[in-house]
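Okay, structure first, notes after.
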Amino acid sequence: MRCQQCAAARITRKGPTMSSNGQVHPATADREDGPRGPVDSSRIPRYAGPATFARLPRLDEVGTADVAVVGVPFDSGVSYRPGARFGGNAIREASRLLRPYNPAQDASPFALAQVADAGDIAANPFRIDEAVETIEAAADELLGTGARLMTLGGDHTIALPLLRSVAKKHGPVALLHFDAHLDTWDTYFGAAYTHGTPFRRAFEEGILDTEALSHVGTRGPLYGKKDLDDDARMGFGIVTSADVMRRGVDEVVDQLRQRIGNRPLYMSVDIDVLDPAHAPGTGTPEAGGLTSRELLEIVRGLASCDLVSADVVEVAPAYDHAEITSVAASHTAYELTTLMARGIAEARTDVELRSTEPTHS
Numbered sequence: 099m100r101c102q103q104c105a106a107a108r109i110t111r112k113g114p115t116m117s118s119n120g121q122v123h124p125a126t127a128d129r130e131d132g133p134r135g136p137v138d139s140s141r142i143p144r145y146a147g148p149a150t151f152a153r154l155p156r157l158d159e160v161g162t163a164d165v166a167v168v169g170v171p172f173d174s175g176v177s178y179r180p181g182a183r184f185g186g187n188a189i190r191e192a193s194r195l196l197r198p199y200n201p202a203q204d205a206s207p208f209a210l211a212q213v214a215d216a217g218d219i220a221a222n223p224f225r226i227d228e229a230v231e232t233i234e235a236a237a238d239e240l241l242g243t244g245a246r247l248m249t250l251g252g253d254h255t256i257a258l259p260l261l262r263s264v265a266k267k268h269g270p271v272a273l274l275h276f277d278a279h280l281d282t283w284d285t286y287f288g289a290a291y292t293h294g295t296p297f298r299r300a301f302e303e304g305i306l307d308t309e310a311l312s313h314v315g316t317r318g319p320l321y322g323k324k325d326l327d328d329d330a331r332m333g334f335g336i337v338t339s340a341d342v343m344r345r346g347v348d349e350v351v352d353q354l355r356q357r358i359g360n361r362p363l364y365m366s367v368d369i370d371v372l373d374p375a376h377a378p379g380t381g382t383p384e385a386g387g388l389t390s391r392e393l394l395e396i397v398r399g400l401a402s403c404d405l406v407s408a409d410v411v412e413v414a415p416a417y418d419h420a421e422i423t424s425v426a427a428s429h430t431a432y433e434l435t436t437l438m439a440r441g442i443a444e445a446r447t448d449v450e451l452r453s454t455e456p457t458h459s
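Our numbering puts the first residue of the sequence shown at 99, with every later residue one more than the last.
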């Protein structure tokens with residue numbers, strides 16, 4: 099597998115991490131009885147040292163993780179502006195501003211679960227078919243360790259191999275897709291694998307639960323009404339960006355929760371779901387999108403759902419201004435990671451409670 103650090107052996111040494119220049123980086127949670135947390139920003143400035151997501155330890159420093167943050171620097175499936183291959187590292191750089199406690203969810207995700215940065219999946223930029231296979235194999239390996247994936251793209255092509263891998267573990271999954279676009283088109287210039295086709299392929303392969311598919315934030319011109327007809331035939335419900343504005347976040351969240359139920363859920367966030375005022379650094383911007391506040395509030399409202407993995411894609415930093423797109427993406431990934439960490443902690447508590455229940459003969 100071509101995932102940096104994914105297959106690394108467990109490091110048993112405990113203590114602070116060491117940067118590439120030999121500087122010691124103390125961790126906020128570096129103990130035998132709990133997860134190892136991020137670098138302590140009250141001792142080491144946020145801008146110092148190499149960037150991992152939220153300044154968390156690398157996977158090879160902790161051996162195994164409950165949530166693996168992994169980059170996929172691949173954008174050969176784009177149809178307009180390229181540059182999402184640099185998105186993962188831009189998100190990591192922006193994530194230096196994140197802190198261990200999430201007040202919006204009243205949770206400390208990095209204390210609830212071991213979260214680690216698994217590096218990048220190196221995929222062939224010249225052969226999309228091969229890249230899709232490489233990404234799927236790397237995701238298989240990470241999921242095989244018991245981790246949930248928080249993937250940083252990359253363009254939206256990568257969602258297909260990630261969904262394939264997740265479905266091997268959980269069966270057909272519910273999908274919540276935040277995007278300005280449907281991404282259920284058939285082909286583009288004859289190509290079956292592009293950033294506009296992943297969910298058509300996933301539907302055809304039977305890896306989606308067609309009773310629980312939703313788009314949120316869609317807007318803008320289409321090729322024709324057939325685009326919507328095809329999308330509906332696959333089972334997708336649509337909440338447009340205008341719906342969010344008119345109906346409000348709480349009503350939208352309630353609708354989504356009812357549709358998802360207790361199914362295993364995959365969330366895929368194309369950053370162009372946000373209005374270009376909030377996310378200019380993306381490949382196919384569309385006017386009239388969500389605000390970053392609306393996106394984050396919708397994600398937070400789904401805390402009761404069983405989020406098994408997620409991605410944030412289509413960040414193209416060359417078109418960004420003052421890192422506002424990367425900052426929005428890093429906060430989105432942080433909220434998604436918090437949801438997964440909370441779910442993991444709650445599942446462990448349930449298991450512990452069941453194990454202490456008295457048995458009756």
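Even glycine gets a Cβ: it sits at the ideal position worked out from N, Cα and C.
Item, Value
"For a test of the three-state rule: what should DSSP assign to ILE305, helix, strand or coil?", "coil"
"So is PRO155 buried or exposed if we call it buried at 16+ other beta carbons inside 10 Å?", "buried"
"Compute the beta-carbon to beta-carbon distance between HIS376 and VAL337, rounded to the nearest angstrom, for a pair I have assumed lies under 8 angstroms.", "Going by Cβ atoms, the distance from HIS376 to VAL337 rounds to 18 angstroms, so no, they are not a contact pair."
"Please go through the same chain and pick out, in chain order, the residues whose beta-carbon is closer than 6 angstroms to the beta-carbon of ILE442, but skip the five residues on each side of it.", "ASP164 and ALA211"
"Would you kindly report the start and end of the unbroken beta strand (DSSP E) that includes HIS279?", "It is not in any beta strand (DSSP E) - HIS279 carries neither H nor E in the DSSP assignment."
"Alpha carbon to alpha carbon, what distance is there between PHE172 and VAL230?", "10 angstroms"
"Counting C-beta neighbours from all protein chains within 10 Å, is the total for ASN360 16 or more, i.e. buried, or is it exposed?", "exposed"
"Check the DSSP bridge columns for MET469 and list the partner residues they point to.", "Past the edges of the chain, shown from 99 to 459, lies residue 469, and the structure says nothing about it."
"With distances taken from CA atoms, which of LYS324, LEU260 and PHE287 is nearest PRO296?", "LEU260"
"According to the Cβ coordinates, are VAL271 and TYR364 closer than 9 angstroms?", "yes"
"Let me check understanding here. Comparing Cα to Cα, which of ASP341, ALA300, ALA420 and ARG345 lies closest to GLY51?", "The requested residue 51 is not part of the displayed model; the chain covers only 99 to 459."
"Taking the alpha carbon of SER339 as the point to measure from, which residue in LYS323, GLY381, LEU437 and LEU388 has its own alpha carbon closest?", "LEU388"
"Considering just the uninterrupted stretch of the beta strand (DSSP E) at ALA218, what are its terminal residues?", "Residue identity differs from the one stated: residue 218 is Asp in this sequence, not Ala. Element bounds for ASP218: 213-218."
"With DSSP as the reference, label ARG156 as helix, strand or coil.", "strand"
"Which first and last residues belong to the beta strand (DSSP E) in which VAL367 is found?", "362-368"
"Grab the span of the alpha helix (DSSP H) containing GLY186 for me, first residue to last.", "185-192"
"Can the beta-carbon of VAL371 be found less than 9 angstroms from the beta-carbon of ASP281?", "no"
"Given VAL351, which residues of its chain have a CB within under 7 angstroms of its CB, disregarding the five upstream and five downstream residues?", "ILE396, GLY399 and LEU400"
"What whole-angstrom Cβ distance do GLY379 and ALA414 have, given they're in contact under 8 angstroms?", "5 angstroms"
"Which partner residues of MET332 appear in the DSSP bridge assignment?", "None; MET332 has no bridge partner."
"Per DSSP, what are the beta-bridge partners of TYR286 in this structure?", "ALA289"
"Do the CB positions of PRO362 and VAL264 come within less than 9 angstroms of each other?", "yes"
"By the DSSP assignment, the beta strand (DSSP E) with ALA166 in it spans what residues?", "165-170"
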